[in-house]
Amino acid sequence: MTALTVRLPDDKYRRLKALAQSRGTPLNRLIDEMATLMLAEFDAETRFRLRAARGAGQAQRGLELLDRAASEGPVAAK
Numbered sequence: 046m047t048a049l050t051v052r053l054p055d056d057k058y059r060r061l062k063a064l065a066q067s068r069g070t071p072l073n074r075l076i077d078e079m080a081t082l083m084l085a086e087f088d089a090e091t092r093f094r095l096r097a098a099r100g101a102g103q104a105q106r107g108l109e110l111l112d113r114a115a116s117e118g119p120v121a122a123k
């Protein structure tokens with residue numbers, strides 16, 4: 046694991062510490078959880094941007110496929 050020194054304004058530090066205490070978790074764990082959430086959001090945004098770039102200019106084809114699927118009705122489960 047890597048140690049990280051972060052400089053925060055005193056007020057922000059006190060508020061984060063109070064938040065961690067209210068959740069019954071150490072401040073380090075709270076910050077680790079926040080970092081995990083931010084990375085998950087970043088990964089999701091990156092994934093959606095890549096998918097959007099791959100599908101750029103294919104809106105009409107997508108709509109045609111949806112229309113065809115709707116006209117064929119639901120697929121029976123096996």
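Each residue of the sequence shown is one higher than the one before, counting from 46 in the working numbering. All C-beta atoms in this analysis are idealised placements derived from N, C-alpha and C, irrespective of residue type, glycine included. This one's a predicted model, so the numbers in the text were calculated from it and none came from an experiment.
8 Å contact criterion, which residue i and residue j should meet: CB distance rounded
{"i": "Leu75", "j": "Ala65", "result": "4 Å"}
{"i": "Leu61", "j": "Leu72", "result": "6 Å"}
### Message
What ranges does the alpha helix (DSSP H) occupy inside the segment 60–114, keeping only unbroken runs of at least 4 residues that lie completely in it?
### Response
72–100
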